[in-house]
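Residue numbers (the working numbering), protein chains in the order written: chain W, 1 to 208; chain H, 1001 to 1201.
Virtual Cβ for every residue (Gly too), placed ideally from N, Cα, C.
To start, the structure under review is shown below, and the notes come after it.
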Amino acid sequence: MTTIARALATVTASVVVLAGAAVPAHAHLVNTRLGDFYGGMLHPLTGLEDVLPWLALAILAGLQGSKHARWLVAVFPPCLGAAALASLVGPAMPLLPGLGIGLAAVVGMAAAAAAALPVAAVIVFGAAMALVSGYQNGQAMTGAADPLLFVAGVTAIGYLFITLATGLVIAFVEGHGAWRQIALRASGSWVAAVGIMALGLQLFRPPT
Amino acid sequence: MNTTLSRNVLALALLIASTRAVLAHTGYDAALGLQSGFLHPLTGIDHLVAMVAVGLWGAQLGNPAIFLLPITFPLIMALGGVLGIAGLPLPATEVAIAVSGIALGLMVALRVRPPLALAMVLVGAFAIFHGYAHGRELPHAADPLAYGVGFVVATGLLHLCGILIGFMVRWPIGEQAVRACGLVIGGVGTYFLLAALGAIP
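Next up, the structure:
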């Protein structure tokens, strides 16, 4: 026991010390051009402007059940990618942030009310939100980035986020206890509240 | 065994000693906004007690008030927040926030059971003033959206605290404890009302 314990302690201590002594590996993946793909993937996650509406959408679709959620997963990524591509040649749209936030507020309220929606409504909400998010993300791209890789990254993270979040919501709500649906509805009300205030900020932001 | 422990402690000490500062401030504004928004309802005791009272009262009233009151509050609070962002004048905000603590505390202490719609209207009316106070701060935050997320989440978690404490109503002694909580909240509200009116320096 003592020998094994000592050996184990020595190995553990060695590993911890080695881990602590590690220096940063300067692997600049950005130089390989694939960095633009990861740039596109990370861009929607670096602020709450995209994460919040996507989360509200996942909650709403998840509350409706698997059938609705499958449609959302099928519709959301292509619309996101198409809008991001369109933004490369399209004009700037200053009203889009307000529209996106307004959509998030509406979707959040629908989730808070646990509204039973037809599949078509989920598809419309999903497509509209994806089009707004995609266009905004595409326009945020810097000139030096590879547009196709960036757009592919945005589309990939949209697919991953919506699929995982919707799946988690469905798994959560199918568990035991009525409190699960209440928790999701409360989350929807939180998103709606933030959306309403962000919309107010867009409309009434005082001059700085 | 002591040798093992001392080796592990030594290894951990070496690990901590060898750490370096991370200088990449990605999303710093968002983190700062989130933090300041989250702390705003927690550092204002008048806000805090009223939020907890909403949860307590919901738990006391039972289903469906237990979830409808905490869902109503943030939604109406957001409308108050918009008033604050727009800079519209809302008189006696501090007084109304203090009164919300007194009124909601008394509802819990006296076990008042009004119709659900009336309870929602009362909670919603107070939510406007709480939202207004938060909304006045929002445009000046490092990241206004993150600030909004922070204070809405903090508000929701305070409701949840109230609900969890309110579950004690299942037991007779717990019921008394919950009512005592209401009395304390009413007392805190009274203190803030006197402070808002200038009676307490």
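* To do: Would you kindly work out how many angstroms separate the C-alpha atoms of Pro-78 of chain W and Leu-96 of chain W, rounded to a whole number?
  => 19 Å
* the region 168-175 of chain W contacting the region 1051-1059 of chain H, beta-carbon criterion three pairs below 8 Å -> no
* Asked: Would you say the region 1184-1201 of chain H touches the region 1059-1075 of chain H, given that touching needs at least three Cβ pairs under 8 Å?
  -> no
* Asked: Residues in the region 33-49 of chain W with C-beta within 8 Å of chain H's C-beta atoms, listed in sequence order?
  -> Thr-46, Gly-47, Leu-48, Glu-49
* Asked: Is it a yes or a no for the region 1031-1043 of chain H touching the region 1113-1123 of chain H, going by three-plus beta-carbon pairs under 8 Å?
  -> no
* To do: Determine whether the Cβ of Ala-1078 of chain H lies closer than 8 Å to any Cβ atom of chain W.
  => yes
* Could you work out which residue in W:Tyr-38, W:Thr-46, W:Ala-104, W:Ser-87 is closest to Gly-195 of chain W when comparing CA atoms only? => W:Ala-104
* Return the chain-ordered list of same chain residues with a C-beta closer than 7 Å to the C-beta of Gly-39 of chain W, the five sequence neighbours on each side being excluded. => Ala-145, Phe-150, Gly-153
* Asked: How long is the line joining the alpha carbons of Thr-10 of chain W and Leu-160 of chain W, rounded to whole angstroms?
  -> 41 Å
* State buried or exposed for Ala-1021 of chain H, treating a residue as buried only when at least 16 other CB atoms are found within 10 Å of its CB. => Low confidence applies here, because Ala-1021 of chain H scores a pLDDT of 42, under 50, leaving its location unreliable; read the following figure in that light. Under this definition Ala-1021 of chain H is an exposed residue.
* Closest by C-alpha distance to Thr-46 of chain W, when choosing among H:Ala-1196, H:Val-1152, H:Asp-1143, H:Ala-1195 -> H:Asp-1143
* Length of the line joining the Cα atoms of Gly-1174 of chain H and Pro-1070 of chain H -> 21 Å
* Evaluate the contact criterion for the region 190-204 of chain W versus the region 1126-1138 of chain H: three or more CB pairs, one atom per stretch, below 8 Å. => yes
* To do: Assuming Gly-134 of chain W and Ala-56 of chain W form a contact by the criterion Cβ under 8 Å, report the distance between their Cβ atoms to the nearest whole angstrom.
  => Not really, about 17 Å apart at Cβ, beyond 8 Å.
* Beta carbon proximity, Gly-177 of chain W to chain H, threshold 8 Å -> no
* To do: Pair every Cβ in the region 58-77 of chain W with every Cβ in the region 117-127 of chain W, then say whether three or more of these pairs are closer than 8 Å.
  => yes
* Interface partners of Leu-1157 of chain H on chain W, CB under 8 Å -> Chain W residues near Leu-1157 of chain H: none, gap ~10 Å exceeds 8 Å.
* **Short-range partners of chain W found in the region 1139-1163 of chain H, where Cβ spacing is below 7 Å** => Pro-1139, Pro-1144, Leu-1145, Ala-1146, Gly-1148, Val-1149, Val-1152, Val-1153, Gly-1156
* Answer yes if the region 83-95 of chain W comes into contact with the region 171-182 of chain W, meaning at least three C-beta pairs across the two stretches below 8 Å, and no otherwise. => no
* Residue range of the unbroken alpha helix (DSSP H) whose run includes Asp-146 of chain W -> Element bounds for Asp-146 of chain W: n/a, residue is neither H nor E.
* Asked: Buried or exposed: which applies to Phe-1167 of chain H, given that a residue is buried once 16 or more other Cβ atoms fall within 10 Å of its Cβ?
  -> exposed
* Report the residue ranges of all alpha helix (DSSP H) runs contained in full by the region 51-132 of chain W; include only those spanning at least 4 residues, in chain order. => 66-89, 96-112
* Asked: Along chain W, in chain order, which residues have C-beta atoms closer than 9 Å to that of Val-1089 of chain H?
  -> Contrary to the premise, residue 1089 of chain H reads as Pro rather than Val in this sequence. Per Cβ cutoff of 9 Å: no residues; Pro-1089 of chain H is ~14 Å from chain W at best.
* Environment of Thr-142 of chain W [buried if 16+ CB atoms lie within 10 Å] -> exposed
* Measure from the alpha carbon of Ala-115 of chain W to the alpha carbon of each residue in W:Ile-59, W:Asn-137, W:Leu-52, then state which is nearest. => W:Ile-59
* To do: Mind reading off the beta-carbon distance from Phe-204 of chain W to Ala-1086 of chain H? Whole number of angstroms is fine, and I expect it under 8 Å.
  => 4 Å
* Name, going along the chain, the residues of the region 1176-1201 of chain H whose beta-carbon falls closer than 7 Å to a beta-carbon of chain W. => none
* Could you check where the alpha helix (DSSP H) with Arg-1111 of chain H kicks off and where it finishes? -> That residue, Arg-1111 of chain H, is in no alpha helix (DSSP H); it is neither H nor E in DSSP.
* Asked: Where are the alpha helix (DSSP H) runs, 4 residues long or more, that stay fully inside the region 1082-1109 of chain H, in chain order?
  -> 1093-1109
* Candidates H:Ala-1199, H:Gly-1101, H:Leu-1145, of which the one nearest Ala-193 of chain W by Cα -> H:Leu-1145
* Asked: Who are the neighbours of Ser-189 of chain W on chain H, taking C-beta pairs under 7 Å?
  -> Ile-1071, Pro-1074, Leu-1075
* Asked: Beta-carbon separation of Ile-1097 of chain H and Phe-1073 of chain H under 8 Å?
  -> no
* Leu-48 of chain W to Tyr-1147 of chain H span [Cα, whole Å] -> 11 Å
* **Cβ-Cβ distance between Ile-1185 of chain H and Gly-1105 of chain H below 8 Å** => yes
* Pull up the distance between the alpha-carbon of Leu-1056 of chain H and that of Thr-163 of chain W, whole angstroms please. => 36 Å
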